[in-house]
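Residue numbers (our numbering): 232 to 332.
The structure appears below as structure tokens.
In structure tokens form, the structure reads like this:
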């Protein structure tokens, strides 16, 4: 086997990860839900009774961002509201039932 073939085949070999610790950036396992999503906790996002979205008390002015957030808005069986993506889940406050088209 030539050196070039040996080098190329090593690019596709499975790395040996034995002995590596979990990264400090990895979420603690108690903060991962049963779907494998990291639970971010309270996102400090609020929707007021008029439908205005706020972050840290400031209205979110970019409608594209509000539309993105509204597309991942979910309500659980305990009447709590969450923004849910395939990787993360964070709680928000909704003052009244949100309008969902």
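Glycine residues also receive a C-beta, built at the ideal position from the N, C-alpha and C atoms.
- [ ] In the DSSP assignment, find the unbroken beta strand (DSSP E) run with residue 297 in it and report its ends.
- [x] In the DSSP assignment, residue 297 falls outside any beta strand (DSSP E) and within the unbroken alpha helix (DSSP H) covering 294 to 302.
Open item on the list: Can you list, in chain order, the residues of its chain with a C-beta nearer than 7 Å to that of residue 283? Leave out the 5 residues immediately preceding and following it.
Closed with: Excluding residues within five positions, the ones whose Cβ falls inside 7 Å are 290.
Task: Within 8 Å, strictly: CB atoms of residue 304 and residue 296 - done: No; because the gap between Cβ atoms is not below 8 Å, this pair is not in contact.
Open item on the list: Give me, in chain order, the residues of the same chain whose beta-carbon lies closer than 7 Å to that of residue 306; leave out the 5 immediate sequence neighbours on both sides.
Closed with: For residue 306, same chain residues with a beta-carbon under 7 Å away, outside a window of 5 residues either side, are 312 in chain order.
Open item on the list: At the level of alpha carbons, what is the spacing between residue 301 and residue 265?
Closed with: Those two C-alpha atoms are separated by around 23 Å.
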